[in-house]
Amino acid sequence: MYHRGELVGEVDEREFDFPWIRGRFRPEPAFQPLRPVFAAWIEGLNAGDGEAMRRAHEAIYPAVTMTYPDGREVPWFILVIEGDEARFRWRDEPASER
């Protein structure tokens, strides 16, 4: 996972539960400024606050990119980070909106 071209963390894939992939999130120090945004999404989810989730989503996806192991950028993904756990799903085709 990258932010402005800088590596901010990696996910060690552990479980495939179609369509989700789950794994351990290994943050880099550069992840710290992003942590509150991911936490805000989880807080919105837990509170049933769709507006808070939307705001967090709009902050996360323009700022974060994911790459395949070969370095190519993943065109579309949903990424949830909670503590040291991550889950994500992805597609090879870009969506009209992430």
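Under the working numbering, think of the first position of the sequence shown as 1, with each following residue one higher. Where a beta carbon is used, it is the ideal one built from N, C-alpha and C, also for glycine. The structure presented is a predicted model; accordingly, all values stated were derived computationally and were not measured.
Membership of V80 in the beta strand (DSSP E) is indicated by the continuous run 76 to 82. Under the three-state reduction of DSSP output, L7 falls in the strand class. Collapsing the DSSP output to three states places F18 in coil. Of the candidates R4, Y68, R26, M53, R26 places its Cα closest to the Cα of D12. Excluding its 5 nearest sequence neighbours in each direction, E73 has C-beta neighbours in its own chain below 8 angstroms: T65, M66, T67, listed in chain order.
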